[in-house]
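Under this note's numbering, think of the first position of the sequence shown as 229, with each following residue one higher. Just so it is clear, CB atoms sit at the ideal spot from N, CA and C, and this is done for glycine as well. All values reported here derive from a predicted model rather than from experimental measurement. Some notes on the structure that comes next.
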Amino acid sequence: MLKIGEFSTLTGISIHMLRNYDKIGLLKPEQIDCMNNYRFYGEKQIVRANHIRVLKSLGFGLNEISEILMDNTTDDMIRSFLESKIREKEESLSITERQIAQMRQALNDLDTQNGCTLSVSVKKLSSRKLVSLRDFIREFTEEGLLWERLDRACRANGVKFVDAQYCMAMTHSVDFEKKLIDTEVFRVVEQAGPDIEGLRFSDMSETEAAVVAFQGIYSRIGDINRYIYHWIVENGYSISGKAFNIYYISPENEPNPENYVTEICFPIKK
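Structure (structure tokens):
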């Protein structure tokens, strides 16, 4: 029989971990002295201890190790555990490789992208009920006129906003010859209704998007759009829908353009 300290030295497992393994039933002492609670291990338990160390080194958790080392575990069950862990590690490796690629891209972008580096995130935008108004404007600065029309029409028809400051806008197309910009502005509503007086109701489903949030003047949007598009291509995504902007702080509630907060969103898919 081996005292816990001797067993720890022989197996390379700390006394603290041996006590934890005893507690969870993974590796219990063969004998505990009832007078002083000293733990004693058998020499044959060195084999189980080594199995535990090997499985831990492969990335298996303690619960998984307990299942693998059960007396009734078959070769097919062990094969299943190994195949599952391989898939898990391959997925983790893929994530790590993607992160490294993004960091290398960020290094290359530092000198050229004017503050956009490390600004793109991928996130899921929750589903929402929307009301919108769509029309042509001649300049992007005229977008405010659409917001005024949307708000007037909603007030006139009793349409209630969920969040009065949550505003979205989408550019459908730009005709450079005729100088016409097909633009749609949106607000989030409590419930959808029938289309009325130029208002269109719709449901926005949950969307995965490449997103940049920035503070400052709207003239930066063009450069940021180009950077997001470049990021999407470089990171193996494709665009799955029309880009849109979410305005958190806008001319409606802030007079200083330097304080505007805007989120530019490109729907994407792998």
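| query | result |
| --- | --- |
| What are the start and end residues of each continuous alpha helix (DSSP H) run of 4 or more residues lying completely inside the stretch 271–308, in chain order? | 273–285 and 290–296 |
| P483: buried (16+ other C-beta within 10 angstroms of its C-beta) or exposed? | exposed |
| Mapping the DSSP letters down to three states, classify C395 as helix, strand or coil. | strand |
| Measuring straight from C-alpha to C-alpha, what distance separates I456 and C395? | 21 Å |
| Pick helix, strand or coil for D250, following the three-state DSSP scheme. | helix |
| Looking at S322 and the ligand SAM, is the gap between the Cβ and the nearest heavy atom below 7 Å? | This structure lacks the ligand SAM, and indeed carries no ligand of any kind. |
| Going by DSSP, which residues form a beta bridge with M245? | Per DSSP, none; premise fails for M245. |
| Taking the beta strand (DSSP E) that N473 falls in, what are its first and last residues? | F472 to I477 |
| Between the alpha carbons of G450 and T369, how many angstroms are there, rounded? | 13 Å |
| Identify every residue that forms a DSSP beta bridge with T435. | L353 |
| Using C-beta distances below 6 Å, list every residue in its chain close to A471, excluding the 5 sequence neighbours before and after it, in chain order. | F494 |
| Return the residue from the list E371, D410 and T237 that minimises the CA-CA distance to Y269. | T237 |
| For P479, which residues in the same chain have their Cβ closer than 7 Å to its Cβ, ignoring the five residues on either side in sequence? | G372 |
| Which first and last residues belong to the beta strand (DSSP E) in which R267 is found? | R267 to Y269 |
| Could you check whether the stretch 278–289 touches the stretch 302–313, counting it as contact only if at least three pairs of C-beta atoms, one from each stretch, sit closer than 8 Å? | yes |
| Please state whether the Cβ-Cβ distance between K351 and V439 is less than 8 Å. | yes |
| Can you tell me where the alpha helix (DSSP H) holding F235 begins and where it ends? | I232 to T239 |
| Excluding the 5 residues preceding and the 5 following L283 in the sequence, name in chain order all residues of the same chain whose CB lies nearer than 7 Å to its CB. | I293 and I296 |
| Kindly indicate the opening and closing residues of the beta strand (DSSP E) around D410. | L408 to V416 |
| Need the endpoints of the beta strand (DSSP E) that C382 sits in, please. | Not the beta strand (DSSP E): C382 falls in the alpha helix (DSSP H), residues E371 to A384. |
| Between the beta-carbon of V416 and the beta-carbon of L358, is there less than 8 Å? | yes |
| Thinking C-beta only, is V387 closer than 8 Å to L427? | yes |
| Counting only the same chain and skipping the five closest in sequence on each side, list residues whose C-beta sits under 8 Å from that of V402. | L408, I409 and D410 |
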